[in-house]
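Asks: Counting from 945, one number per residue, gives the positions in the sequence shown under the working numbering. All C-beta atoms in this analysis are idealised placements derived from N, C-alpha and C, irrespective of residue type, glycine included.
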Amino acid sequence: MLVRLYYHWKNSYMGIPARIWFLSLISLVNRCGAMVVVFLTIYLTKSLGYGIPEAGYVLGCFGAGALLGGYLGGKLTDRFSYYKIMLWSLVLNGLMLVVLIWIRNFWLMCGAVFLMSVLADIFRPANSVAIARYSTPETRTRSISLYRMSVNLGWAVAPALGGLLVGLGWHWMFVADGFTCIGAAVLLWIFIAPKPAAKAEHTPAALPSKAAVTPYRDRNFVLFALLTILNAMVFMQFLWTVPLFFKEVYRWDESTIGLIAAINGLIVFLVEMPMIYRIERKRTRLQFVRLGLVLYAFSYLAFLLPPGGLVTALVFIVGLSFGEMFVMPFSTNFVFDYATKGSAGTYMGMYSISYSLANIVAPLLGTHVIAWWGFQVHWTITAVLALGSWIGFWLLERRTGG
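1. Determine contact between the region 1320 to 1338 and the region 1043 to 1057, defined as no fewer than three beta-carbon pairs at a distance below 8 Å.
2. For the structure I just gave you, are there three or more beta carbon pairs, one from the region 997 to 1015 and one from the region 1059 to 1079, closer than 8 Å?
3. For I986, is the beta carbon positioned less than 7 Å from some heavy atom of the ligand FMN?
4. Expressed to the nearest angstrom, what Euclidean distance is found between the alpha-carbon atoms of G1106 and R1163?
5. Could you tell me the alpha carbon to alpha carbon distance between K1191 and V1321, rounded to whole angstroms?
6. Going along the chain, which residues of its own chain have a beta-carbon closer than 6 Å to the beta-carbon of G959, five neighbours each way excluded?
7. When you compare only the Cα positions, how much space is there between L1063 and A1008?
8. Output the distance between the C-alpha atoms of W1133 and C1125, rounded to the nearest integer angstrom.
9. What is the residue span of the alpha helix (DSSP H) that A978 lies within?
10. By Cβ distance, which residues of its chain are closer than 7 Å to V1095, with the 5 residues on each side in sequence left out?
11. Could you check where the alpha helix (DSSP H) with G1055 kicks off and where it finishes?
12. Quick test of your reading: I964 and S1087, contact by CB under 8 Å. State the CB separation rounded to the nearest angstrom.
13. Does the beta-carbon distance from Y1244 to A1327 come in below 8 Å?
14. Could you name the residues of the same chain whose beta carbon sits closer than 8 Å to that of I1347, not counting the 5 residues immediately before and after it, in chain order?
15. For C1005, which of T985, G1253, G993, I1075 has the nearest alpha-carbon?
16. In or out: F1232 buried (at least 16 other Cβ within 10 Å) or exposed?
17. So which of A1330, F1280, Y957, A1010 has the shortest CA-CA distance to L1171?
18. Tell me whether the region 1107 to 1127 and the region 1032 to 1043 touch, counting them as touching only if at least three CB pairs, one residue from each stretch, are closer than 8 Å.
19. Three or more beta-carbon pairs under 8 Å between the region 1309 to 1324 and the region 1213 to 1223, yes or no?
20. Compute the beta-carbon to beta-carbon distance between I1045 and F1118, rounded to the nearest angstrom, for a pair I have assumed lies under 8 Å.
21. Suppose you measure from the CA of T1228 to the CA of F1274; what does that come to, to the nearest Å?
22. Assign P1159 to buried or exposed, taking buried as 16 or more other Cβ atoms, counted over all protein chains shown, within 10 Å of its Cβ.
23. What separation, rounded to the nearest whole angstrom, lies between the Cα atoms of G1267 and Y1299?
24. Is the distance from the Cβ of I1136 to the Cβ of F1270 below 8 Å?
25. Given a cut-off of 8 Å, decide if V1057 and V1002 are closer than it, judged by their beta-carbon atoms.
26. Please classify Q1181 as buried or exposed, where buried requires at least 16 other C-beta atoms within 10 Å of its C-beta.
27. When the Cα of R1092 is compared with those of G995, L969, R1343, which residue comes out closest?
28. Is it true that the CB of E1224 sits closer than 8 Å to the CB of M1085?
29. Tell me which residues share the same chain as G1332 and place their Cβ nearer than 6 Å to its Cβ, disregarding the 5 neighbours each side in the sequence.
30. Hey, quick one: how far does the alpha helix (DSSP H) through L1034 stretch, first residue to last?
31. Spatial neighbours of L992 within its chain, please: CB distance less than 8 Å, with the 5 preceding and 5 following residues excluded, ordered by chain position.
32. If G1111 and A978 are in contact, beta carbons under 8 Å, what's the gap, nearest whole angstrom?
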């Protein structure tokens, strides 16, 4: 049995192009240093002495920068080489992170964090186009999953490493984050040659013609983007309000909350690739997305049921992790195939913007609902949003074929 599982796990990685492995390595290096965002609120309030409202405004600038970065990244990727956009985004973001060490003034900090976020998020659409170009239709979903594995592994390392560096001095956190960005740029320059890869020719019949050069006039894709905002808002409650629930209701300390959250990354890291390898051709992409949304809904509803405590938390984290593995790689693959040949970057940019908008709205909506009506109502509303998104994806599947 164990031998069969091993060979299935091994086979799930076979056939993935070498450049996808290199892109994943670059992502791993970059994400291992992504610690400034994790500790930014604490740095602003504890080290610089900002009030919580002031820190909130700085974080708002971060979200606004992500919006602009996603938009510009898509536009620039269509106009220039995605390789150049990725390279310069990593280099300039790395330098900007180091510059943050010397900024103390509130307004300068707002501007610097905004610029840092713009430079960081310009990378995302270009990187998505690179994955689409370097993969084949047969390996695309697994290529996305491999890349996501590197992201999850990096996010597991970054907070722990950041916590150690903060103990030595806050400036070391910024230096490490900046140098991992520049290190990732060096790896990109070494391993990914700046020449265009063969473009995939597979385009589903129900998808838009090459004349549809902008996603903003593509009704089906606009619907997809709106639904992505909804389902991303649902998932992001895991980042913004679930830890608060564990702290205030279960009375857990930060180390326990961190260990529970780490289970998500571990499950995704171990399970997603072999699972995708086994199931990816059994249903349409949007059918898998809808299955993931059902798991999202049931995961949050688990907080309304007994017994509570550790058992409920584990049910939630396992359900959400499997939901994530159905929703994210298959929705990303849908975007890859949906994007027209001449405007792939713009489509990827709009997809990135959807997540940026969700990242702004999710904490604001979640915390206000909790303040007004409590956690029970919040989990119910979150589950309803997931099921509402399920209905929307069902309608979209009927219009596009999934």
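Replies: Reading from the atomic positions:
1. no
2. yes
3. Of the ligands one can find in the structure shown there are none, so the ligand FMN has no counterpart to examine.
4. 43 Å
5. 18 Å
6. T1083
7. C-alpha separation (whole angstroms): 12 Å.
8. 12 Å
9. From DSSP, A978 is part of no alpha helix (DSSP H); its letter is neither H nor E.
10. Close CB contacts of V1095 within its chain, under the 7 Å cut and outside five residues either way in sequence, are with S971, R975 (chain order).
11. 1050 to 1065
12. 5 Å
13. yes
14. Outside the shown range of the chain, which is 945 to 1346, sits residue 1347, and nothing can be said about it.
15. T985
16. buried
17. A1330
18. Under the 8 Å Cβ criterion, the region 1107 to 1127 counts as touching the region 1032 to 1043, having at least three qualifying pairs.
19. no
20. 5 Å
21. 9 Å
22. buried
23. 17 Å
24. no
25. yes
26. buried
27. L969
28. Reading off the sequence, residue 1085 comes out as Thr, not Met. By the CB criterion at 8 Å, T1085 and E1224 fall inside the cutoff.
29. none
30. 1026 to 1043
31. R1048, M1053
32. Contact flag wrong, Cβ pair sits at about 18 Å.
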